[in-house]
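The block underneath contains the structure these notes are about, expressed in structure tokens.
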Amino acid sequence: MFKVTWHNLIARKLRLALSAFAIVLGVAFVAGSFIFTDALGGAFDGIVKGTTADVEVLPRGAGQFDSFGTDARTIPASLVAELSQLQEAEQVVGTDQVQGVFVISKEGKLIGGNGPPGLAFNYNELTAITGDRILTVADGQLPSARDEVALDVDTADKAGYDIGDEVTLVTPGDPPTMKAVLTGLVRFGSEGGLVGATITVFDDQVIKDLFFDGKDVYTNVSLTAAEGVSQVQLRDAVEGVLPEGLEALTGDDFAADQQEIIGEILGFINTFLLVFAAVALVVGTFLIINTFSILVAQRSRELALLRAMGASKTQVNRAVLAEAFVVSLVGSTVGLGLGYLLAIGLKALFGVIGLDLGAADMPIELRTVLLSYVVGVIVTLIAAYLPARRASRISPVQAMRDDVALAETSLRRRFVLGAVMVAGGVALMVAGFAGSGGRGLLLIGLGMLAILLGVALMAPVLGRPIIQALGSAYRGLFGTVGSLATENTLRNPRRTAATSSALMIGLTLVALMSILGQSAKVSTDKAIEESLTAELIVSNATGQFFSTAYAGQIRELDGVASVTTFRQAAAKMGDSQVYLQAVDPESLGAALQLPVDSGSLRGFEDQSVFVSSTRAKSSNIDVGDSVKLNFPAGPMAFDVAGVFPVGGAVAGDFLLTLEGLQRSGIKPEDSLLFISKEPGASEASVRAGIEDVLADNPTVTLKNQKEFADEQKGLINTVLYIIYALLGLAIIIAILGITNTLALSVIERTREVGLLRAIGVSRRQLRSMVRLESIAISVLGAVLGVVMGIAFGIALQRAIADQGIDVLSIPWPQLGVFVVLAGLVGVLAAVLPARRAAKLNVLDAITTE
Amino acid sequence: MFKSASKPSPSTSYTATAPGSGVAARAFEVRKVYGEGDASVAALDGVSIDFGAGAFTAVMGPSGSGKSTLMHCMAALDTVSAGQVFIGDIELAGLGDKQLTKLRRDKIGFVFQAYNLVPTLTAQENIELPLSIAGRKPDRQWFDTVIDTVGLRDRLGHRPNQLSGGQQQRVACARALVSRPDVVFADEPTGNLDSAASAEVLAFLRRSVDDHRQTVIMVTHDPVAASYTDRVVFLADGRVVDELRNPTADDVLEEMKVLSARSVAGTDSGR
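These protein sequence lines map, in sequence, to chains A and B. Number 208 in the working numbering belongs to position 200 of the first sequence; there are no gaps in the numbering. Number 91 in the working numbering belongs to position 80 of the second sequence; there are no gaps in the numbering.
This is the structure we're talking about:
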């Protein structure tokens, strides 16, 4: 039997390739996700290890988690001299590291800045735990004066600066921008590149003057071990002489802590990508089921012949599964290769949004390879199981018959099963609504999945009226060719439905996302319109913080009545990360009308917080309670003064006062400024004044309410586009599915096509026939998908209404465009099968047995 | 039936026209060669033949005689290697795919041995197919005439799989006739049918010639089927070797025996 399988595979190379394609794409996405996140992880590992010495001395608790802000605590420089006495230490170096120092290119553009940090520090000659120097001078001299800096080679190259040029820098200090002469270039030790981070090197004294008020302090002290001394021995020695409030960590522990923080973010990216891989695989499953069903149907006589010659049911079943197994191996292998290319594509995509991986390795880990094959093989075998089982049911006598009909489960049974699944899905969703938080959303998600699969099962029946409606339009527009196409589509409802199901799933998700996106945008507009009273807003589109100096300067301008400062940070409450906003309660009222669910703004003091309605619900917090928030510097307790609804101008879990946040040990850096002008002042002149203050800094910009709203909506759009781009893969698989089905159908109907050609159907008419059939399949999938997307969109918007998306808005024109695009997808999918049908030699076709 | 009792002497001139006037289709010095060089085989080796308008002609011959190839070339389904083929006044050589398609649609009707109908269409839709793809409306009166001749009025709404083999072939005949083609080509139309169903189909083809002056050219290997025709042309080794006028089944059978014997002898001597 193995021989039969093998010969089948070789004889049908094209069909093999087509059915392998679904696997290829699904596996490619899985492999690509892992390769890419491994590459990211590797690059970050390189940076972390490449900047860590054998022992790091830090303020206690610093570096335990990412608080977004900079730890305000410092280490007295005298400690360096003390530690230098230790004979276990080889090098003892004090470092002043500052985040938020960005380089502006010659063209006035920000380099990096979309997430990767802009690091600044004083030069050191430390050796990292990797054994390499953290920094080496690549060219020129190190800076020695206040108006001198060195940059890393990549950043200087990207910004177009040469040694001797005047460099513009954005800093978190005062002044917020500065110019300095580039005296030299440094090279970073790790080969994986800086992942988009930029390095600016200052003179030791200059960095203290600029960012630490001239105090003789360091942010951390790094030590390397003397010959024969281990990290642990060195740490223990250091611990012995450390004053209160500081701690020493071995380089390995420190790096592990950092990697854990980074790992959370990478895990998120990986999960995000794998969700799309899962979508691709589900869609691919439909394609495989369909392809194998058709192949089995076409070969039913051959299979019956095998049975007649004495092959057992099991053997026939195995023969089909063995074929699927080989297909899955080939598909997984190619998919793995394509995944590597996809990872390179992802690298480029993320490079565009600032996560520059440079020359980072793209490692294909054994885990990635195994997972790719396991996923590919398992999905294929599951998908091929049903057709294989059906193949084994072919009775031997059918070999003798002219027309072999395969026993298929009745549409009725299938419909009932689908209906049960839909009902179950609805029940799950209802339960999800009743539940709360993540559990509720999980139930809703599972409900959606059940409904999606249920509708896919019901599609052969549900699709009929849609195809028939389309058919009458076809007949009117294209006459006989139109009705031939319609009849072909209705000929095998299962096949049509399964083919369109792939597109249906893709479009359900696209429609769902477009509805959520549109609702989010409208909700944003509403929130800004309803609560924002300030006329002008200063913000950083990339989310980086900026110098507090701007607020002070703007406050001094003529015509400015008030400036309300917002700051952001993260803290931990128990194990979960919470997001904080801080504002000055005095000037809050001038900026916005903060809606309050309970409690009162009058009670908003430095030791009190406002909690968001969602956090209040999920963590069971109410007015009058006390909450403990953990900062790197240690825990702080706050009284809950009120609850604010999510979705207004204030995001995050807690709202603190500026002073309250500062007490937690986080260095003040602003994230948003709301500016109200004096009643008589002209907006133009106030704007001009502020623009003047912000000159030289392309990262921080001034907006009015509408522009601010547009900026927020722009962020939503960016997320939407990324999601659309990734869902595009599901659409590509769906297109291939349609192409595949049509191509196999054309092969199956060779004689019929020949007959049509013989009695005078032109090539063109034949091509339109295939094309119309393809459009019918796509539009069917699109209509079912969009309808479900709308239903899911409404449901999900209701479910997360209390998380800020409180207005439902359905983008009808956009949904219409999706259906039209689906029609175009149909045209595209039909290109090859139509050409194949038209190319058939009439004589060969009608003489084919 | 339109048959003469007298047995005509075999003619050696194969370009003479059959009863009626004019030529519906003509082959002149047609050669069809498959393969190249030493491996080449001439399926048709200089065939010249006229098919008279309004006549029912059978083309017969042993397997490999070239009868199917001749029909495919005559019916604009295949191209010739040399020589000329005419449908009416139109020479096929030099026509592109579009023109050939149009020719098949407008001037030619087909009846094949099997797989003759589009399974998704009803009998009526199948019959009207050549007209509707041309965007023409069927002539109601002619349509009714054809339907009544084939006797399928109560089956018009049925799909092919609801019809017997004979009925399906009658639908195919009706489809071939409904566009009033210049020539109907029938390729072993009774090959898959039992004798009763064969008789129905052949009688119908005969009637279409007698009553409506339709031209029908039929490839067959069945002497009984050939006996329904006005003229039988015999092919052997890619050449026209003989013909019979107003044949009886026995005449045809006799001639076939002779041809087979000659062909076997020829094969033997060739080795």
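Just so you know, even glycine gets a beta-carbon here, dropped at the ideal spot from N, CA and C.
Sequence-distant residues of the same chain with beta carbon closer than 8 Å to A/P371, five excluded per side: Excluding sequence neighbours, A/P371 sits near I43, D46, A47 and G50.
Residues of chain A with CB closer than 9 Å to the CB of B/G146, please, in chain order. By Cβ distance, chain A contributes G487 and T488.
Does the region 602-619 of chain A come close enough to the region 633-652 of chain A that 3 or more CB-CB pairs lie under 8 Å? The region 633-652 of chain A vs the region 602-619 of chain A: in contact.
Tell whether a beta-carbon distance below 9 Å holds between A/T622 and A/D369. It is not a contact, given that the beta carbons lie outside the stated cut-off.
Quick test of the definition: if touching needs 3 or more C-beta pairs under 8 Å, does the region 253-265 of chain B touch the region 234-244 of chain B? Contact between the region 253-265 of chain B and the region 234-244 of chain B is present, because at least three Cβ pairs lie under 8 Å.
Residues of chain B with CB closer than 7 Å to the CB of A/V769, please, in chain order. A/V769 reaches chain B at I144, counting residues in chain order whose Cβ is nearer than 7 Å.
Given that a residue counts as buried once 16 or more other Cβ atoms are within 10 Å of its Cβ, and exposed if not, what is A/S480? Taking a 10 Å sphere around the C-beta of A/S480, we find fewer than 16 other C-beta atoms and assign the residue as exposed.
Opening and closing residue of the beta strand (DSSP E) in which A/M581 lies: Note, A/M581: beta strand (DSSP E), V568 to M581.
Per DSSP, cross-strand counterpart(s) of A/K636: In the DSSP output, where bridge partners are listed per residue, A/K636 has A/A645.
Can you list, in chain order, the residues of its chain whose CB lies under 6 Å from that of A/G945, leaving out five sequence neighbours each side? The question about residue 945 of chain A has no answer, for chain A in this structure spans 9 to 857.
Same chain, Cβ closer than 8 Å to A/D173, five either side skipped, listed in chain order: Taken in chain order, the residues that qualify are K114, V189 and L190.
In or out: A/R779 buried (at least 16 other Cβ within 10 Å) or exposed? That one is buried.
State buried or exposed for A/L884, treating a residue as buried only when at least 16 other CB atoms are found within 10 Å of its CB. This structure cannot settle anything about residue 884 of chain A, because the visible part of chain A is limited to 9 through 857.
Does B/D262 come out as helix, strand or coil in the three-state DSSP assignment? Under the three-state reduction of DSSP output, B/D262 falls in the helix class.
Per-residue burial, A/F800 [other beta carbons within 10 Å of its own, 16 or more giving buried]: With a threshold of 16 other beta carbon atoms within 10 Å, A/F800 meets it and is buried.
How is the beta strand (DSSP E) around A/P67 delimited, first residue to last? Taken as a continuous stretch (DSSP letters only), the beta strand (DSSP E) holding A/P67 covers V63 to P67.
Could you spell out the range, first to last residue, of the alpha helix (DSSP H) harbouring B/G94? From DSSP, B/G94 is part of no alpha helix (DSSP H) but of the beta strand (DSSP E) over A93 to I98.
Neighbour flag for A/V412 against chain B, beta carbons, 9 Å: Because A/V412 sits at a pLDDT of 47, beneath the cut-off of 50, its placement in the model cannot be relied upon, and the following sentence gives the value as read from the coordinates. Under the Cβ distance rule, A/V412 does not count among the residues neighbouring chain B, no pair being separated by less than 9 Å.
Along the chain, which unbroken stretches of the alpha helix (DSSP H) at least 4 residues long are found entirely within the region 705-775 of chain A? Runs found: 713-756 and 758-766.
What residue range does the alpha helix (DSSP H) around A/Q93 cover? In this chain, A/Q93 is not harboured by any alpha helix (DSSP H), its DSSP state being neither H nor E.
If you draw a straight line from the C-alpha of B/L216 to the C-alpha of B/D222, how long is it? Going from the Cα of B/L216 to the Cα of B/D222 covers about 10 Å.
Interface residues of chain B facing A/Q811 [CB-CB closer than 7 Å]: Neighbours of A/Q811 in chain B, taken as residues whose beta carbon is under 7 Å from its own, are absent, since the nearest beta carbon is some 51 Å off.
Below-9 Å beta-carbon distance, A/V850 vs any chain B residue: Among the residues facing chain B, A/V850 is included, as its CB has a counterpart in that chain under 9 Å away.
For B/T112, go through chain A and note every residue whose CB falls closer than 8 Å to its CB, in chain order. Within chain A, the residues whose beta carbon sits less than 8 Å from that of B/T112 are R765, G768, V769, S770 and R771, listed in sequence order.
A/D160, buried or exposed, once every other Cβ within 10 Å from all chains shown has been counted against 16: A residue is called buried once 16 or more other Cβ atoms fall within 10 Å of its Cβ, and A/D160 is buried on that count.
Here's the rule: buried if 16 or more other CB atoms are within 10 angstroms of the residue's CB, otherwise exposed. What is B/S79? Counting Cβ neighbours within 10 Å, B/S79 comes out buried, since at least 16 surround it.
Out of curiosity, what's the CA-to-CA distance linking A/F300 and A/T758? Going from the Cα of A/F300 to the Cα of A/T758 covers about 19 Å.
Using the DSSP secondary-structure output, state which residues sit across from A/D79 in a beta bridge. Within the DSSP bridge table, the entry for A/D79 names A/I674 as partners.
Report the residue from B/W153, B/L81 and B/H232 whose alpha carbon sits nearest the alpha carbon of B/A187. Residue B/W153 holds the alpha-carbon nearest to the alpha-carbon of B/A187 among B/W153, B/L81 and B/H232.
Would you call the region 89-99 of chain B in contact with the region 66-79 of chain B, where contact means no fewer than 3 C-beta pairs closer than 8 Å? No, the region 89-99 of chain B is not in contact with the region 66-79 of chain B.
Neighbouring residues, chain A, relative to B/R116 (Cβ below 9 Å): Within 9 Å Cβ-Cβ: I767, G768, V769 and S770.
Using alpha carbons as the reference points, say which of A/Y131, A/G697, A/V249 and A/L218 lies closest to A/G192. For A/G192, the nearest C-alpha among the options comes from A/Y131.
Tell me the residue span of the beta strand (DSSP E) that contains A/K191. The question names Lys, yet the displayed sequence has Thr at residue 191 of chain A. The continuous beta strand (DSSP E) containing A/T191 extends over residues T185 to F196.
DSSP beta-bridge partners of A/N228: In DSSP, A/N228 forms a bridge with A/T103.
Taking A/S693 as part of the alpha helix (DSSP H), name the residues at either end of that continuous run. Per DSSP, A/S693 belongs to the alpha helix (DSSP H) from E691 to L702.
Integer-rounded CB distance, given that A/L460 should sit under 8 Å from A/M777: In this structure, A/M777 and A/L460 do not form a Cβ contact; the two beta carbons are roughly 31 Å apart against a cut-off of 8 Å.
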